């Protein structure tokens, strides 16, 4: 009995020492710059391990396809600060501004002002109601936090393409309603290794259930007011129906008690069997452009982000016919070209016909095998 009590006591002492608590000292503050990298095609990583402690998550095989910085500024540095009273911080991105409120125990996202994320080029003002916590403290093993928030975004139909309204009378305006149920659960602790560093971490599993509905404001032939389009248009019928439904997004997030950046954020497939991408803390030893094994076929875009033109550097290609494709954020091919390539080849593309935004580029061989699929960011002056 004494031996069993000693073992239990030892285990409790070990856990008390090994588990970390993430405090508000890791919250962003004005003037902070987070250095991050992204692997858009991670392979051979074990991230969705069973819940528990004293784990090792070896992510040293991550291969950065892009790096970027997030700069936190005082809220009054943003052009739309007056729309977010009480905001403490703003992140000014390529397409808009995101505003945050920071307290002793939360980092809350208040909303966003800028270009809409759907690619239509519209200006939007999106305010979460209520604000949604992106970080909170103190953070401990076994913490579970549910959250609910809503967004409502009205648009004039005069600003939208007619193709969206196929099979439906053209309304005066539409309203996008986005409801999010979020569940954060700290289900693991241990050590997370990334290229260039090793950290004691807590693992948080975040599940977002996002339901999108559309309302149409109808005045003709009868003044019906706001009508729920989802009750009228069958799912899968194209046009506006493509925006309606519920999406589930699961991420595993690794937090250190010493670093402000998340050590890693892994976005999973719906069944958790595949890691779709990993964002992680970028350290000086991470080389974003030269991470492929010598001799392996590869494609890389420079510069990235690009403004007027981009050059695709293809290396170590077997002689074959290839197709280079560029997709927008909804997966539609917006540009493609066929090439006969061998060895190393540089392909320059002028970007005057591309709108500002995020794209994916992909190089495929004659059998349809993908040489590489990576992200391209296009900026406009």
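Numbering (the working numbering), first residue to last: 10 to 390.
All C-beta atoms, glycine included, are put in the ideal place defined by N, C-alpha and C.
Predicted model only: the values in this text are computed from it and were never measured.
Whole-angstrom distance between residue j and residue i, CA atom to CA atom
i: residue 147; j: residue 30; result: 6 Å
i: residue 311; j: residue 150; result: 42 Å
i: residue 198; j: residue 65; result: 9 Å
i: residue 344; j: residue 367; result: 14 Å
i: residue 155; j: residue 342; result: 38 Å
i: residue 44; j: residue 81; result: 12 Å
i: residue 104; j: residue 335; result: 20 Å
i: residue 206; j: residue 236; result: 53 Å
i: residue 51; j: residue 184; result: 37 Å
i: residue 299; j: residue 326; result: At residue 299 the pLDDT is 39, less than 50, meaning the model places this residue with poor confidence and gives no usable figure here.
i: residue 340; j: residue 194; result: 31 Å
i: residue 278; j: residue 256; result: 11 Å
i: residue 381; j: residue 227; result: 46 Å
i: residue 41; j: residue 259; result: 27 Å
i: residue 254; j: residue 117; result: 26 Å
i: residue 35; j: residue 268; result: 6 Å
i: residue 350; j: residue 307; result: 12 Å
i: residue 319; j: residue 362; result: 13 Å
i: residue 289; j: residue 234; result: 47 Å
i: residue 46; j: residue 271; result: 11 Å
i: residue 132; j: residue 365; result: 13 Å
i: residue 360; j: residue 123; result: 22 Å
i: residue 86; j: residue 106; result: 10 Å
i: residue 238; j: residue 329; result: 48 Å
i: residue 63; j: residue 200; result: 7 Å
i: residue 142; j: residue 164; result: 27 Å
i: residue 379; j: residue 202; result: 28 Å
i: residue 108; j: residue 324; result: 41 Å
i: residue 145; j: residue 337; result: 34 Å
i: residue 220; j: residue 121; result: 19 Å
i: residue 58; j: residue 208; result: 17 Å
i: residue 186; j: residue 305; result: 46 Å
i: residue 222; j: residue 28; result: 42 Å
Burial state of residue i (16 or more Cβ within 10 Å)
i: residue 287; result: buried
i: residue 386; result: buried
i: residue 157; result: exposed
i: residue 291; result: buried
i: residue 153; result: exposed
i: residue 112; result: exposed
i: residue 383; result: buried
i: residue 48; result: buried
i: residue 204; result: buried
i: residue 303; result: Residue placement at residue 303 is flagged as unreliable, the pLDDT there being 45, under the threshold of 50; a coordinate-derived value is accordingly withheld.
i: residue 347; result: exposed
i: residue 352; result: exposed
i: residue 38; result: exposed
i: residue 375; result: exposed
i: residue 377; result: exposed
i: residue 32; result: exposed
i: residue 224; result: buried
Check whether residue i and residue j have beta carbons under 7 Å apart
i: residue 95; j: residue 70; result: no
i: residue 317; j: residue 309; result: no
i: residue 372; j: residue 333; result: yes
i: residue 60; j: residue 217; result: no
i: residue 79; j: residue 275; result: no
i: residue 138; j: residue 159; result: yes
i: residue 119; j: residue 273; result: no
i: residue 162; j: residue 135; result: yes
i: residue 97; j: residue 114; result: no
i: residue 293; j: residue 388; result: no
Chain D within 7 Å of residue i, Cβ atoms only
i: residue 362; result: Judged by its chain identifiers, the structure shown contains no chain D, having just a single protein chain.
Which full runs of the beta strand (DSSP E) of 3+ residues lie inside the segment 48 to 134, going along the chain? 61 to 67, 75 to 80, 98 to 101, 105 to 111 and 115 to 124
Does the count of Cβ pairs from the segment 197 to 213 and the segment 254 to 269 closer than 8 Å reach three? yes
Please determine if the segment 65 to 74 and the segment 82 to 92 are in contact, where contact requires at least 3 C-beta pairs separated by less than 8 Å. no
Pair every Cβ in the segment 272 to 290 with every Cβ in the segment 347 to 357, then say whether three or more of these pairs are closer than 8 Å. no
So within the segment 299 to 337, which uninterrupted beta strand (DSSP E) runs reach at least 3 residues, ignoring any that extend past its ends? 307 to 311 and 318 to 336
Under 8 Å, with one C-beta from each stretch per pair, do the segment 101 to 118 and the segment 185 to 193 reach the 3-pair mark? no
Threshold first: 3 residues or longer. Then list the beta strand (DSSP E) segments lying entirely within the segment 259 to 284, N to C. 273 to 277
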